[in-house]
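**Student:** In numbering that gives the first Met the number 0, the protein residues as written are 0 to 399. Even glycine gets a Cβ: it sits at the ideal position worked out from N, Cα and C. Note that the coordinates shown come from a computational prediction; the quantities given were computed from them, not determined experimentally. Quick one: the structure is below, questions incoming.
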Amino acid sequence: MTSTRTDPIVIAGAGHVGLIAAIAIGQNFENVISLGVVPEGNDKRTTALMVPAIKFLEQIGLWESIEPHAAPITKMRIIDGTNRLIRSPAVTFEASEIDEPAFGYNIPNVTLTSVLDAALKDSTVKHVAASASHYHPTENAIAVEASDGSMYSANIVIAADGRSSLAREAAKISARTWSYNQTAIVLSFSHKRDHHDISTEFHTEHGPFTQVPLPGKRSSLVWVTTPAHAAELLELTRDQLAMRVEERMQSMLGAVTIDIDPQSWPLSGLVPTSFARNRVFLAGESAHVFPPIGAQGLNLGVRDVETLLETLPNDGTDLGASSVISRYNRKRSPDIIARTGAVDALNRSLLSDFLPVQMVRSGGLELLRAFSPLRGFVMREGLRPGSGFRFSRKHAATDH
0 MTSTRTDPIV
10 IAGAGHVGLI
20 AAIAIGQNFE
30 NVISLGVVPE
40 GNDKRTTALM
50 VPAIKFLEQI
60 GLWESIEPHA
70 APITKMRIID
80 GTNRLIRSPA
90 VTFEASEIDE
100 PAFGYNIPNV
110 TLTSVLDAAL
120 KDSTVKHVAA
130 SASHYHPTEN
140 AIAVEASDGS
150 MYSANIVIAA
160 DGRSSLAREA
170 AKISARTWSY
180 NQTAIVLSFS
190 HKRDHHDIST
200 EFHTEHGPFT
210 QVPLPGKRSS
220 LVWVTTPAHA
230 AELLELTRDQ
240 LAMRVEERMQ
250 SMLGAVTIDI
260 DPQSWPLSGL
270 VPTSFARNRV
280 FLAGESAHVF
290 PPIGAQGLNL
300 GVRDVETLLE
310 TLPNDGTDLG
320 ASSVISRYNR
330 KRSPDIIART
340 GAVDALNRSL
350 LSDFLPVQMV
360 RSGGLELLRA
370 FSPLRGFVMR
380 EGLRPGSGFR
390 FSRKHAATDH
């Protein structure tokens, strides 16, 4: 027997962005419904959330439960791990240079899911553990049919339903997609030496090899390489893999023990032609997919949710009005397109054997290493778009 009821806002998807959206929007609007199955605790990855995202989680009352399981990232180091003719200098970014205690925190995905799931259960949001299976947009509403047979009439849908978003498709928003000849191996390991809250990214010929601190003498690893090499690494025993990790890290953390078996993820990219249309607002991977470089993925998703809260009127205006749609598009386009382009360009520059490309990358890193104002600008921009420019203008005004 199907049930029908009217709900002004439907959040499609119960991954991290969907859960954060449901909790945050549920604190500001009545009759919010969350549709989706919360992932089981078998995701062995971790997520580095930067300070602006942490501040948003504080605002919506989530950070206190997450912090005990998180490790701060106070320094970020880039090291050229290639054997190429032109090698880049090592560059270290320190959060203290921009008056921050840390750039962000690294959190196990299982912890993040568990805290978000508990917070959703404690909220006023109605959660339905079924995925949306069909959308029928009309001029004034969207009929949403769930996989359990229930039907909902939504004023708007927030599509946090992933890269193959049904809601995006129903809104007639097309997306450009591409794939990389790369696979990310993800695992966690313990090590003999202290990481001192430093994350190190080795740039290799096949992609970045990134160690990120976890609490204690433990770290997570994202090792981007070719699909063939990834397959070979997955065949190794834990001890053999530990040797490879230690070798690649030049033993900087001493002997390594693999704590959590590796998982692999093929790399791809996606950017839609629009970020809102026909009463559907895109958030998370329905709006942007790119390689795991510079910890941008979930941080960008949190900014999607923040922007939704800034954009959706709470004065009784139609949430799906064309003016609201336009405003969200205008606010999200520059950030998402710039981040996607920058990550794609950096990733491709790592893979390129073309000497001029290597020279440009090496020259850029040397500038960052030697010129602290530029380094500060890049760090601020990395945390929040536009903050580097605002800081520069503020200082210029102070200097006069």
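For the candidate residues Ala241, Leu240, Ile259, Arg247, whose alpha-carbon lies nearest to that of Leu213?
**Tutor:** Selected option, being the one with the closest Cα: Ile259.
**Student:** Which residues does DSSP list as the beta-bridge partners of Leu48?
**Tutor:** Paired residues: Tyr104.
**Student:** Would you check if the region 100–119 and the region 57–64 touch, i.e. whether three or more CB-CB distances between them fall below 8 Å?
**Tutor:** They touch, by the three-pair rule.
**Student:** Taking the C-alpha atoms as reference points, what is the distance between Val16 and Arg192?
**Tutor:** Their backbone Cα atoms lie some 34 Å apart in a straight line.
**Student:** Does at least one heavy atom of the ligand PLP sit under 7 Å from the Cβ of Ala89?
**Tutor:** The ligand PLP is absent from the structure shown, which contains no ligands of any kind.
**Student:** Pick helix, strand or coil for Pro67, following the three-state DSSP scheme.
**Tutor:** Helix.
**Student:** Ala159 and Ile10 - do their beta-carbons sit closer together than 8 Å?
**Tutor:** Contact: yes.
**Student:** So for Ser113, helix, strand or coil by DSSP?
**Tutor:** Of the three classes helix, strand and coil, the one that applies to Ser113 here is helix, per DSSP.
**Student:** Counting along the chain, where does the beta strand (DSSP E) carrying Asp260 start and finish?
**Tutor:** Segment 255–271, the beta strand (DSSP E) holding Asp260.
**Student:** For the region 180–199 against the region 223–230, are there 3 or more C-beta pairs whose distance is under 8 Å?
**Tutor:** Contact between the region 180–199 and the region 223–230 is present, because at least three Cβ pairs lie under 8 Å.
**Student:** Buried or exposed: where does His205 fall if 16 or more other Cβ atoms within 10 Å of its Cβ makes it buried?
**Tutor:** Looking at its Cβ environment, which holds 16 or more other Cβ atoms inside 10 Å, His205 is buried.
**Student:** CB-CB under 6 Å to Ser94, same chain, minus the five flanking residues each way: which ones, in chain order?
**Tutor:** A quick correction: the sequence has Ala, not Ser, at residue 94. Cβ neighbours of Ala94 beyond the five flanking positions: Thr73, Ala101, Phe102.
**Student:** What is the DSSP secondary structure of Leu252, reduced to helix, strand or coil?
**Tutor:** Of the three classes helix, strand and coil, the one that applies to Leu252 here is coil, per DSSP.
**Student:** List the endpoints of the continuous beta strand (DSSP E) containing Val221.
**Tutor:** Element bounds for Val221: 217–224.
**Student:** Going by DSSP in three states, Pro212 sits in which element: helix, strand or coil?
**Tutor:** DSSP places Pro212 in strand when its eight states are reduced to three.
**Student:** Whole angstroms are fine: how far does the CA of Ala282 sit from the CA of Pro271?
**Tutor:** One C-alpha to the other measures close to 11 Å.
**Student:** On a Cα-Cα basis, can you pick out the residue from Val37, Leu235, Leu311, Thr316 that is closest to Ile24?
**Tutor:** The shortest C-alpha separation from Ile24 is found at Leu311.
**Student:** Go through its chain and collect everything with a Cβ distance to Glu200's Cβ below 6 Å, but skip five positions before and after it.
**Tutor:** Only Ile77, Pro207, Thr209 meet the Cβ criterion.
**Student:** Near Ser285, what residues of its chain come up, given a Cβ to Cβ distance below 8 Å and the 5 sequence neighbours on each side ignored?
**Tutor:** Correct list, in chain order: Gly12, Ala158, Ala159, Asp160, Gly161, Arg162, Ser164, Ala166, Arg167, Pro271.
**Student:** Between the region 238–249 and the region 112–129, do at least 3 Cβ pairs fall closer than 8 Å?
**Tutor:** Verdict: no, contact absent.
**Student:** Measure the C-alpha to C-alpha separation of Arg302 and Ile19 and round it to an integer number of angstroms.
**Tutor:** Arg302 and Ile19: Cα-Cα distance of roughly 11 Å.
**Student:** Can you list, in chain order, the residues of its chain with a C-beta nearer than 8 Å to that of Phe353? Leave out the 5 residues immediately preceding and following it.
**Tutor:** Residue placement at Phe353 is poorly supported in this model, since its pLDDT is 39, which falls under 50; the coordinates are not used for a value here.
**Student:** In this structure, how does DSSP classify Thr199 when only helix, strand and coil are distinguished?
**Tutor:** Reduced to three states, the DSSP call for Thr199 is strand.
**Student:** Using 8 Å for Cβ pairs, my map puts Ile106 next to His68. What's the rounded Cβ distance?
**Tutor:** Going by Cβ atoms, the distance from Ile106 to His68 rounds to 6 Å, so yes, they are a contact pair.
**Student:** Hey, how far is the Cα of Ser401 from the Cα of Asn328?
**Tutor:** What is shown of the chain runs 0 to 399, which leaves residue 401 out entirely.
**Student:** What residues are listed by DSSP as bridge partners for Ser33?
**Tutor:** The partner list for Ser33 (beta bridge, DSSP) reads Ile10, His126.
**Student:** Check for me: the alpha helix (DSSP H) holding Val288 runs from which residue to which?
**Tutor:** Val288 -> no alpha helix (DSSP H), and no H or E assigned at all.
**Student:** What is the C-beta distance between Ala142 and Val279, in whole angstroms, given that I count them as a contact (C-beta under 8 Å)?
**Tutor:** That belief does not hold up - the Cβ atoms of Ala142 and Val279 are roughly 13 Å apart, past 8 Å.
**Student:** Tell me which residues share the same chain as Ala145 and place their Cβ nearer than 8 Å to its Cβ, disregarding the 5 neighbours each side in the sequence.
**Tutor:** Once the five neighbours on either side are set aside, the close Cβ partners of Ala145 are Leu34, Val127, Ala129, Ser130, Ala131, Ser132, Tyr151.
**Student:** Please report the Cβ distance between Ser332 and Phe274, rounded to the nearest whole angstrom; I am assuming they are in contact, meaning their Cβ atoms lie under 8 Å.
**Tutor:** Yes, they are in contact, since the Cβ atoms of Ser332 and Phe274 sit about 6 Å apart, within 8 Å.
**Student:** Rank Ser149, Leu252, Val37, Thr306 by C-alpha distance to the C-alpha of Leu119 and give the top, closest one.
**Tutor:** It is Val37 whose Cα lies nearest to the Cα of Leu119.
**Student:** Where does the unbroken alpha helix (DSSP H) through Asp79 begin, and where does it stop?
**Tutor:** Note, Asp79: premise wrong, no alpha helix (DSSP H); beta strand (DSSP E) at 74–79.
**Student:** Roughly how many angstroms separate the alpha carbons of Arg217 and Gly253, rounded to a whole number?
**Tutor:** Distance between the alpha carbons of Arg217 and Gly253 is about 12 Å.
**Student:** Assign Gly206 to one of three DSSP states: helix, strand, or coil.
**Tutor:** Strand, per DSSP.
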